[in-house]
Structures are given as C-alpha cells and as structure tokens.
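J.: There's a structure below that I have some questions on.
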Amino acid sequence: NGVSDQQEEDFDSSAPPPFLLGEIRAATPKHCWVKNPWSLSYVLRDVSVVFALAAAAVYFDNWMVWPLYWTAEATMFWAIFVLGHDCGHGSFSDSTVLNSIVGHILHFSNLVPYNGWRISHRTHHQNHGNAEKDESWVPVRGYMIFEVFSSNYFVNYTPITFQWYRSPGKEGSHFNPYSDLFAPNERKAVWTSTVCWIFVVALLVYSSFVFGPIQMIKLYAFPHLVLFIMWLDCVTYLHHHGYEKKLPWYRGKERSYLRGWLTTIDRDYGWFNNIHHDIGTHVIHHLFPQIPHYHLVEATMRAKPVIGKDYREPKTSGPFPFLLFKILARSIGQDHYVFGDVVYYQTDPEVYKTMKK
Numbered sequence: 001n002g003v004s005d006q007q008e009e010d011f012d013s014s015a016p017p018p019f020l021l022g023e024i025r026a027a028t029p030k031h032c033w034v035k036n037p038w039s040l041s042y043v044l045r046d047v048s049v050v051f052a053l054a055a056a057a058v059y060f061d062n063w064m065v066w067p068l069y070w071t072a073e074a075t076m077f078w079a080i081f082v083l084g085h086d087c088g089h090g091s092f093s094d095s096t097v098l099n100s101i102v103g104h105i106l107h108f109s110n111l112v113p114y115n116g117w118r119i120s121h122r123t124h125h126q127n128h129g130n131a132e133k134d135e136s137w138v139p140v141r142g143y144m145i146f147e148v149f150s151s152n153y154f155v156n157y158t159p160i161t162f163q164w165y166r167s168p169g170k171e172g173s174h175f176n177p178y179s180d181l182f183a184p185n186e187r188k189a190v191w192t193s194t195v196c197w198i199f200v201v202a203l204l205v206y207s208s209f210v211f212g213p214i215q216m217i218k219l220y221a222f223p224h225l226v227l228f229i230m231w232l233d234c235v236t237y238l239h240h241h242g243y244e245k246k247l248p249w250y251r252g253k254e255r256s257y258l259r260g261w262l263t264t265i266d267r268d269y270g271w272f273n274n275i276h277h278d279i280g281t282h283v284i285h286h287l288f289p290q291i292p293h294y295h296l297v298e299a300t301m302r303a304k305p306v307i308g309k310d311y312r313e314p315k316t317s318g319p320f321p322f323l324l325f326k327i328l329a330r331s332i333g334q335d336h337y338v339f340g341d342v343v344y345y346q347t348d349p350e351v352y353k354t355m356k357k
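Start counting the sequence shown at 1; every next residue gets the next number (the UniProt record's numbering).
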C-alpha cells in the first residue's frame, strides 16, 4: 500500500542499525547452535546420490541421458561443496579433526584446496561489506573498470582461476602458503591442502588412463568444470549483489561488522533449497556462521522481528529459481564500480552498452 511504500522509500539502508548483535543472538534459540551427530547423514545422502547418478549415466549411456546427468550431478557437487563449506566454519561438527577430515574429502571432490579456501572464506566473513578487505566479488573503483571488464569480470571465478587468483586488484593464491592471505602459523595447513590437492589431480589423470579421457570428461570434468562452477558463481554473487534497491559497501571507519553483515541477501531457490542445505538463508549464516545449516531457517525466522526493515525478504522463486536469472543479468549489467566511503554500485555507460550487445 501507499504507506508501506513510503516507509520503504524513507528507509536508509546505509544508516547504522537500530539494534545490537547481542539482541539477535538472544532471539536465536539455544538449540540452533547445537551440532547434531546426524550431520554425517547429509554427507552420506549427497555422496550416494552422486554415485547413483554416475552409475545410471554409465548404464544408459546415450545423449538424451548425459545432459540430464550433467545438470543433476553439478547440482549435487554444489550440495557437497556447501557441506565442505560448513566444515570450514566449524558448523558441521564440534570436532575440529572431523571437520578437517570431512572438509578435505568433500572439497577435494570439487578440486578445492580445503585450508586455503577455509581461511580466505573466513576473511570474507570477517570483512563482508568492506570494499577494501572483502574476498568475494569485491567492487572495483572506477579507474579499474575498463581493465577489469576488458579481461572479463568473471575470469577469477572460473574453475581454476577462482583458486589460483583472488579478486581484481588483490595478489595471492589459495595454493601459495606465503600469500598475504595467510598468517605464518597457517602455512603448514595450506601446504597440507595443496599437496593433497595435487594427489587428487594425479588420481584424476590416472583415472583418465584407466577409464578413458572421454568417459572422465563426461562423468566428471563437464559437470564440475562448467555447471558446478556456474552454481558457485551465481549463488555467491546473488547473496551479495542484485537487491532491487542498491545496498551499500563501506570503506575505512564507516564499516562495522554489523553494517557489513546487513548487506547480505537471502535468496529462494525453490526445490533446490533442501538439496543444497538451505544456503539461501545467507543473512543469519553471515552473522553466525557457527549455526548448522539445518537450523538456519528457524534461526532466520526468530531473528527477523529484531532485524526489522534491515532484513530483505527474498522473492519467492517457485519450484525452479528462474526469477534469479533475471536478477543476476540485471545486476551484472548495472553494478560495475564504486566511489567514496559509503558506496553504492554505479553503472558505467560504455560497459553497459557493450554488455547489452
């Protein structure tokens, strides 16, 4: 109605929030922090589906089945990545050892170096909304716009480069223990993951000799290197970009943990919500990454009354999230660069014309 529309219009998304972190924590039921032993059942479910899909594809082995297999298998690779992501946060189990073992196995199945990624993702959570220190889809300054877009903004989020390199303007690698991503006491952990990653790549090469390279491309390379990466790119981008009214990023003293956190966005993925472990409940996850994924929906519902207007209700997607493709295309076409200390994405006319073509 007109009143609520006016209230929404008057709401300043960049203003400091009128609540404290402790108020949201107090509203979150204590059991939402409990990590249950059945976490391993989610791993068993996802891994079983992955092998069942592969067995079915090999059994039928025709070109009507393979595209269906690639789509379904890539979706399950993404689900497995989310569970490995939970291990990195420590929300999978109270056992650090179990988190590390399961996290390594799950992330290596997606060719992700577990410790290198875990540490850089921790940096992302600690600095989200910080236009200088964030690690994920960081906005660029205006003077960098042509350099970045001429080399393709998504280049750092393709299968290999999203691990070898960081966001535009940042140096370092998830594989290099001496990257400024890592503290000296973290180098051994990064070395461990890098060496294990090399072993997994060698195992894949060996499998190509045993089963044939074409078979390995059909079974693993295509669903992983193309479609899984599309899931990774689109979901991580949409959780931090593309809201109907632009949300701010911050520099210097303007940024606080709470203000940065409030620029995250929940998304509805329809039938896929359960498959990929409710990763769409991203707002409460960013605030309290220690909450297990099976409690995120409840924690979100309890936190919403406290967050109030600072919570952006996700649009309902229906069974399939076709709506999100439109949001993704609009954001990529318009959100190009930032200026200032409390900053909003601006559109570069030349880049916009190029992308429209």
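Backbone N, C-alpha and C define an ideal beta-carbon position, used for all residues, glycine too.
On the criterion of 16 or more Cβ atoms from any shown chain inside 10 Å, does Arg330 qualify as buried, or is it exposed?
T.: Reading the sequence shown from its first residue, position 330 is the one you call residue 330. Label assigned to Arg330: exposed.
J.: Please report the residue range of the alpha helix (DSSP H) in which Gln334 lies.
T.: Indexing the sequence shown from 1 puts residue 334 at position 334. Phe322 to Gln334 is the span of the alpha helix (DSSP H), which, as asked, contains Gln334.
J.: Ordered along the chain, which non-local residues of its own chain (more than five positions away) have a Cβ less than 7 Å from that of Lys315?
T.: As a working note, residue 315 is residue 315 in the sequence shown. Asp268 and Leu323, listed in sequence order.
J.: Taking only three categories from DSSP, how would you classify Asn130?
T.: Start at 1 with the first residue of the sequence shown, and residue 130 comes out as number 130. Strand, per DSSP.
J.: Measure the beta-carbon distance from His285 to Leu296 and round it to whole angstroms, keeping in mind my assumption that it falls under 8 Å.
T.: Counted from its first residue, the sequence shown places residue 285 at position 285. Counted from its first residue, the sequence shown places residue 296 at position 296. His285 to Leu296, Cβ: 6 Å. Contact.
J.: What does the alpha-carbon distance come out to for the pair Ala57 and His224?
T.: Translated into positions along the sequence shown, residue 57 becomes position 57. Translated into positions along the sequence shown, residue 224 becomes position 224. Taken atom to atom, the span from the alpha-carbon of Ala57 to that of His224 is near 15 Å.
J.: Taking just the CA atoms, how far does Asp278 sit from Arg187?
T.: Counted from its first residue, the sequence shown places residue 187 at position 187. Counted from its first residue, the sequence shown places residue 278 at position 278. Approximately 32 Å, taken between the alpha carbons.
J.: Would you mind listing the alpha helix (DSSP H) stretches within the stretch 193–249 that are 4+ residues and don't spill past its ends, in chain order?
T.: 213–216 and 229–238
J.: With the cut-off set at 8 Å, would you say Trp182 and Pro113 are in Cβ contact?
T.: Walking along the sequence shown from the start, residue 182 turns up at place 182. Walking along the sequence shown from the start, residue 113 turns up at place 113. The sequence shown places Phe at residue 182, rather than the Trp named in the question. Result no, Cβ atoms of Phe182 and Pro113 do not sit closer than 8 Å.
J.: On the DSSP letters alone, give me the boundaries of the alpha helix (DSSP H) that Leu262 sits inside.
T.: Here the question's residue 262 lines up with position 262 in the sequence shown. From DSSP, Leu262 is part of no alpha helix (DSSP H); its letter is neither H nor E.
J.: Can the beta-carbon of Met76 be found closer than 8 Å to that of Val34?
T.: Within the sequence shown, the letter at position 76 stands for residue 76. Within the sequence shown, the letter at position 34 stands for residue 34. Their beta carbons are not under 8 Å apart, which means Met76 does not touch Val34 by this criterion.
J.: So, Phe81 versus Leu232, is the Cβ gap smaller than 8 Å?
T.: Taking the sequence shown and counting its residues from 1, the one referred to as residue 81 is at position 81. Taking the sequence shown and counting its residues from 1, the one referred to as residue 232 is at position 232. Leu232 sits close to Phe81, with the two beta carbons spaced by under 8 Å.
J.: Between which two residues does the alpha helix (DSSP H) harbouring Asn274 extend?
T.: For the purposes of this step, residue 274 is taken as residue 274 along the sequence shown, with counting starting at 1. First-last of the alpha helix (DSSP H) with Asn274: Phe272 to Ile275.
J.: Ends of the alpha helix (DSSP H) at Phe81?
T.: By 1-based counting over the sequence shown, the position of residue 81 is 81. Element bounds for Phe81: Val65 to His89.
J.: Measure from the alpha carbon of Ser95 to the alpha carbon of each residue in Ala131, Ser39, Glu135 and Lys170, then state which is nearest.
T.: To locate residue 95, count along the sequence shown from 1; it is residue 95. Measuring from the Cα of Ser95, the nearest candidate turns out to be Ser39.
J.: Have a look at Pro18 and Gly308 and give me their C-alpha separation to the nearest angstrom.
T.: Numbered from its first residue, the sequence shown carries residue 18 at position 18. Numbered from its first residue, the sequence shown carries residue 308 at position 308. Cα-Cα distance, rounded: 9 Å.
J.: Closest to Leu44 by C-alpha separation, out of Ile105, Leu68 and Cys32, would be which residue?
T.: For the purposes of this step, residue 44 is identified with residue 44 of the sequence shown, where counting begins at 1. For the residues Ile105, Leu68 and Cys32, the minimum Cα distance to Leu44 belongs to Ile105.
J.: Exposed or buried, what is Leu20 when buried is set at 16 or more other beta-carbons lying within 10 Å of its beta-carbon?
T.: Position 20 of the sequence shown, counted from the start, is the residue given in the question as residue 20. Flag for Leu20 reads exposed.
J.: Rounding to the nearest angstrom, what Cα-Cα distance links Ser93 and Ala79 in this structure?
T.: Here residue 93 refers to the residue found at position 93 when the sequence shown is read from its first residue. Here residue 79 refers to the residue found at position 79 when the sequence shown is read from its first residue. In a straight line, the C-alpha of Ser93 is about 17 Å away from that of Ala79.
J.: Which whole-angstrom value is the C-beta distance of Trp117 and Gly90, which I expect to be below 8 Å?
T.: Taking the sequence shown and counting its residues from 1, one reaches residue 117 at position 117. Taking the sequence shown and counting its residues from 1, one reaches residue 90 at position 90. Wrong, their Cβ atoms sit about 14 Å apart, outside the cutoff.
J.: What would DSSP say about Arg251, mapped onto helix, strand or coil?
T.: Numbered from 1 along the sequence shown, position 251 holds the residue referred to as residue 251. Here Arg251 sits in coil by DSSP.
J.: Sort Glu298, Gln215 and Lys326 by Cα distance to Leu238 and report the nearest one.
T.: One-based indexing of the sequence shown puts residue 238 at position 238. Looking only at Glu298, Gln215 and Lys326, the smallest Cα-Cα distance to Leu238 is reached by Lys326.
J.: Ignore the nearest five residues each way along the sequence and tell me which others in Asp134's own chain have a CB closer than 7 Å to its CB.
T.: The count along the sequence shown starts at 1 and reaches residue 134 at position 134. Counting only Cβ-Cβ distances below 7 Å, and skipping sequence neighbours, we find His124, Asn127 and His128.
J.: Roughly how many whole angstroms lie between the Cα atoms of Lys246 and His276?
T.: One-based indexing of the sequence shown puts residue 246 at position 246. One-based indexing of the sequence shown puts residue 276 at position 276. Between the C-alpha atoms of Lys246 and His276 there is a straight-line separation of about 27 Å.
J.: Determine the direct distance from the alpha carbon of Met230 to that of Gln334, and round the result to whole angstroms.
T.: Within the sequence shown, numbered from 1, the residue matching residue 334 stands at position 334. Within the sequence shown, numbered from 1, the residue matching residue 230 stands at position 230. When rounded, the distance between both Cα atoms is 20 Å.
J.: Less than 8 Å separating the beta-carbons of Ala74 and Leu204?
T.: In the sequence shown, residue 74 corresponds to position 74, counting from 1. In the sequence shown, residue 204 corresponds to position 204, counting from 1. Result no, Cβ atoms of Ala74 and Leu204 do not sit closer than 8 Å.
J.: Just curious, the alpha helix (DSSP H) that Lys304 is in, first and last residue?
T.: The sequence position of residue 304 within the sequence shown is 304, counting from 1. Where Lys304 is concerned, the enclosing alpha helix (DSSP H) stretches over Leu296 to Ile307.
J.: Could you check how far apart the C-beta atoms of Pro319 and Gly252 are, in whole angstroms? I think they sit under 8 Å.
T.: Here residue 319 refers to the residue found at position 319 of the sequence shown. Here residue 252 refers to the residue found at position 252 of the sequence shown. Actually they are not in contact, since the Cβ atoms of Pro319 and Gly252 sit about 44 Å apart, beyond 8 Å.
J.: Measuring alpha carbon to alpha carbon, tell me which residue in Ser109, Val235 and Phe222 is nearest Ile198.
T.: Here residue 198 is taken as the residue at index 198 of the sequence shown, counted from 1. Here the closest residue by C-alpha is Ser109.
J.: Have a look at Ala54 and Tyr69 and give me their C-alpha separation to the nearest angstrom.
T.: Mapped onto the sequence shown, residue 54 falls at position 54. Mapped onto the sequence shown, residue 69 falls at position 69. Each residue's alpha carbon lies about 7 Å from the other.
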